[in-house]
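Structure first, commentary second.
Residue numbers (my numbering): 235 to 520.
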């Protein structure tokens with residue numbers, strides 16, 4: 235068995251943070267945030283089949299993140315290389331200028347990286363995960379490895395909470411809610427149910443039943459967890475009361491997830507790639 239613990243390892247803040255299931259909410263928050271960048275959302279809308287296969291795309295994205303966090307160094311590098319080769323072939327048109335651009339532009343890659351890392355971290359903290367200020371900055375610094383995998387110059391990536399706040403302040407004038415952004419946000423809030431998911435009655439139940447209402451509540455929480463400036467771009471309010479309500483909702487969701495998962499067999503609640511990482515870490519300590 236390989237004893238390579240991957241890019242991070244058991245002593246990292248990354249492993250500590252990503253063991254918590256509330257990070258799924260952080261992933262959804264990051265997508266709402268990313269949709270506010272006109273070029274970034276155009277790149278997705280013009281190159282992705284997320285409308286036809288939303289759950290497949292979500293699964294592929296989750297598998298990539300899981301591989302970078304929990305996989306061996308070789309597995310993480312191979313996964314990143316596949317994504318970079320795919321992105322290198324793709325182009326999109328800027329909806330404001332008509333300019334044709336590469337979707338792997340450094341500025342776009344940096345935006346996606348920062349919003350994802352910040353969303354994971356912010357969501358976890360507001361849901362009640364306890365990290366010290368040093369661990370918060372440590373997480374940002376550790377994630378430079380993930381940025382570098384995607385071809386981003388690590389010297390251009392924020393490495394602390396303060397640097398991330400400065401990054402958002404500087405990029406805010408470039409952000410706007412475009413038609414593609416509205417469509418993406420609506421789809422994230424009310425995703426379609428694939429045709430191959432059982433009978434029409436079953437799909438209708440997912441569309442209108444308790445599962446739909448539960449997901450809508452999760453999506454509303456993800457939106458409410460956005461920074462006030464992002465909520466204002468979506469036409470919402472930046473009131474502190476919204477932040478308080480979002481925090482309570484995120485904490486409740488984390489408690490619910492922890493309670494439900496505690497009743498599930500370990501083989502079903504711990505992803506195989508994470509289980510393998512823990513086994514390699516144990517072997518490395520032996």
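Don't be surprised by glycine CBs; every beta carbon is placed ideally from N, CA and C. Remember, it's a predicted structure, so these values are computed and weren't measured experimentally.
What did DSSP end up calling residue i once you bin it into helix, strand or coil?
i           : result
residue 244 : coil
residue 435 : The predicted model places residue 435 with a pLDDT of 43, which falls under 50 and marks its position as unreliable; any figure quoted below should be read in that light. Note: residue 435 maps to helix in three-state DSSP.
residue 479 : helix
residue 442 : Its pLDDT being 49, under 50, residue 442 is placed unreliably in this model, and the value from its coordinates should be taken loosely. Reduced to three states, the DSSP call for residue 442 is helix.
residue 280 : helix
residue 462 : helix
residue 254 : coil
residue 474 : helix
residue 418 : helix
residue 518 : helix
residue 423 : helix
residue 349 : helix
residue 366 : coil
residue 407 : helix
residue 307 : helix
residue 455 : helix
residue 494 : helix
residue 272 : helix
residue 429 : Any answer about residue 429 is weak, because its pLDDT of 48 lies below 50 and its placement is not dependable; what the coordinates show is given next. Coil, per DSSP.
residue 361 : coil
residue 300 : helix
residue 261 : helix
residue 237 : coil
residue 506 : helix
residue 266 : helix
residue 340 : helix
residue 401 : helix
Return the residue from the list the options that minimises the CA-CA distance to residue i.
i           : options               : result
residue 416 : 347, 247 and 467      : 467
residue 349 : 369, 266, 382 and 375 : 266
residue 368 : 395, 385 and 380      : 395
residue 460 : 269, 324, 283 and 365 : 269
residue 458 : 360, 492, 503 and 239 : 360
residue 344 : 332, 372, 334 and 377 : 377
residue 275 : 247, 338, 498 and 449 : 338
residue 311 : 384, 500 and 283      : 384
residue 469 : 479, 336, 244 and 411 : 411
residue 281 : 254, 260, 323 and 296 : 323
residue 490 : 239, 292 and 259      : 259
residue 295 : 313, 451 and 493      : 313
residue 240 : 371, 501, 407 and 309 : 309
residue 353 : 257, 454 and 486      : 257
residue 351 : 334, 389, 283 and 393 : 393
residue 358 : 380, 472, 484 and 300 : 484
What residues are listed by DSSP as bridge partners for residue i?
i           : result
residue 335 : 326
Could you check how far apart the C-beta atoms of residue i and residue j are, in whole angstroms? I think they sit under 8 angstroms.
i           : j           : result
residue 456 : residue 262 : 4 angstroms
residue 423 : residue 279 : Rounded, the Cβ-Cβ distance is 16 angstroms, inconsistent with contact.
residue 531 : residue 329 : Within the shown structure, residues of the chain are numbered from 235 to 520, placing residue 531 beyond reach of any answer.
residue 321 : residue 409 : Not confirmed; about 21 angstroms, so no contact.
residue 303 : residue 248 : 6 angstroms
residue 386 : residue 347 : 6 angstroms
residue 277 : residue 342 : 7 angstroms
residue 363 : residue 254 : 6 angstroms
residue 514 : residue 237 : 6 angstroms
residue 336 : residue 325 : 6 angstroms
My parser needs the alpha helix (DSSP H) runs of 4 or more residues fully inside the region 368 to 396; what are they? 378 to 383, all fully within the region 368 to 396.
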